[in-house]
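All the letters of the sequence shown, read from the start, carry residue numbers 9 to 278 under the numbering used here.
Positions of the beta carbon are idealized from the N, C-alpha and C atoms, including for glycine.
Computed from a predicted structure; not experimentally measured.
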Amino acid sequence: MAYNLLKGKKGIIFGALDENSIAWKTAESVHAEGGTFVLTNAPVAMRMGQIKELAEKTGSEIIPADATSEEDLENLVSQSMEILGGKIDFVLHSIGMSINVRKGRHYTDEKYDFTAKGWDVSALSFHKVLQTLYKAEAMNEWGSIVALTYMAAQRVFPDYNDMADNKAYLESVARSFGYFFGKEKKVRVNTISQSPTATTAGTGVKGFDGFINYAEKMSPLGNASAQDCANYTVSLFSDLTRKVTMQNLFHDGGFSNTGVSQDVIEHFSS
Ligand SMILES: NC(=O)c1ccc[n+]([C@@H]2O[C@H](COP(=O)([O-])OP(=O)(O)OC[C@H]3O[C@@H](n4cnc5c(N)ncnc54)[C@H](O)[C@@H]3O)[C@@H](O)[C@H]2O)c1
């Protein structure tokens, strides 16, 4: 259902790799709500992913950018303003990658080159995106910037590995930069802490099946899907949430505040 919540609003969406990506669903939903945007992803993902299909569907242009490269980000922001014909109202940072996870390195056996690279891609890149937008005066007043995170930033999920530390950093950046963006530019910055979701990044986590099924059983409303996350993100981009900023917003069907559920008790009862 569309409400025209983003009519006339312009933005940048990072991280649509394939149709399972949270950013892909968000792009479709933003389009349905009347928003226009530039799609971006790392140059390597352009070759592997299906982003062109999404661009055609949503009438969007694609600008490749490695989110760890300040030069790429500056180019992305200035070109986006040219293409969209002015300043930007919304940005989605939907980027994550751990080389330790990919290479099967345990948390107690990290290779620190991998750790540093994963942190740059998954966490520092958000500061780089914010700083680039801030310095370029690229955001309209009452604009909204959202990044995606996971509850492993607060509680231990052993196989989430160094991504837990990256997410803790990401959430802190949202608060710290959110202060300055709010005070100086009237722009809000938030993170959405999303349920486990079957995407390329999600299923890369060891034991993902057990993980997602457990969360489903623990959440009174069940897991939030990628489409649910897209809907929530649209609400945060809209004018209906203008005073929400510097928050880490749990979007998980109630998982984060549930000690134990009846389903889980039954599973362990003899
Ligand atoms: N899937 C889950 O279970 C889940 C749960 C909570 C939060 N999240 C977060 O949601 C976000 C989106 O992930 P997803 O689940 O849609 O998976 P996804 O694999 O579809 O998206 C991850 C994206 O990051 C991009 N990326 C990687 N390196 C990059 C770089 N250097 N520059 C620019 N882009 C780069 C990839 O190309 C890809 O498009 C991530 O931040 C992820 O941590 C995912």
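| Asked | Found |
| --- | --- |
| In whole angstroms, give me the CA-to-CA distance for alanine 238 and proline 72. | 22 Å |
| Hey, would you say the C-beta of serine 1 is under 6 Å away from at least one heavy atom of ligand 1? | No statement about residue 1 is possible, as the shown extent of the chain runs from 9 to 278 and does not include it. |
| Ligand 1 and glutamine 202: does the residue's C-beta get closer than 6 Å to at least one heavy atom of that ligand? | yes |
| With 16 other CB atoms within 10 Å as the buried threshold, where does glutamine 202 fall? | buried |
| Taking the alpha carbon of threonine 48 as the point to measure from, which residue in Glu41, Tyr115 and Leu84 has its own alpha carbon closest? | Leu84 |
| Quick check on DSSP: helix, strand or coil for lysine 175? | helix |
| Whole angstroms is fine: what's the gap from valine 99's alpha carbon to lysine 119's? | 32 Å |
| Are the Cβ atoms of alanine 146 and lysine 111 separated by less than 7 Å? | no |
| Could you tell me the alpha carbon to alpha carbon distance between leucine 13 and glutamate 36, rounded to whole angstroms? | 13 Å |
| Is the beta carbon of asparagine 231 within less than 6 Å of some heavy atom of ligand 1? | no |
| Touch check for the segment 123–136 and the segment 173–183: three-plus C-beta pairs under 8 Å? | yes |
| Where do the N-terminal and C-terminal ends of the alpha helix (DSSP H) with isoleucine 220 fall, by residue? | 216–226 |
| Which residue comes first and which comes last in the beta strand (DSSP E) that contains isoleucine 96? | 96–101 |
| Ignore the nearest five residues each way along the sequence and tell me which others in serine 246's own chain have a CB closer than 7 Å to its CB. | Leu13 and Leu14 |
| Residues in the same chain with beta-carbon distance under 7 Å from alanine 155, minus the five sequence neighbours each way, listed in chain order, please. | His101, Phe134, Leu178, Ala182 and Thr199 |
| Tell me where the beta strand (DSSP E) around serine 152 begins and ends. | 147–157 |
| What's the C-alpha gap between glutamate 69 and serine 88? | 9 Å |
| CB of alanine 50 to nearest heavy atom of ligand 1: below 6 Å? | yes |
| Can you give me the C-alpha to C-alpha distance between glycine 43 and threonine 116, rounded to a whole angstrom? | 44 Å |
| Compare the Cα-Cα distances from tryptophan 150 to each of Glu192, Thr123 and Asp121 and report the closest residue. | Glu192 |
| For tyrosine 168, does the count of other Cβ atoms within 10 angstroms reach 16, so buried, or fall short, so exposed? | buried |
| Leucine 248: buried (16+ other C-beta within 10 angstroms of its C-beta) or exposed? | exposed |
| By DSSP, does alanine 47 sit in helix, in strand, or in coil? | The sequence shown places leucine at residue 47, rather than the alanine named in the question. Three-state DSSP puts leucine 47 in a strand. |
| Can you grab the Cα-Cα spacing for the pair glycine 218 / glycine 212, in whole Å? | 13 Å |
| Check this for me: beta carbons of threonine 66 and threonine 241, under 7 Å apart or not? | no |
| For isoleucine 20, count neighbouring C-beta atoms within 10 Å of its own C-beta (all shown protein chains included) and say buried if the count is 16 or more, exposed if not. | buried |
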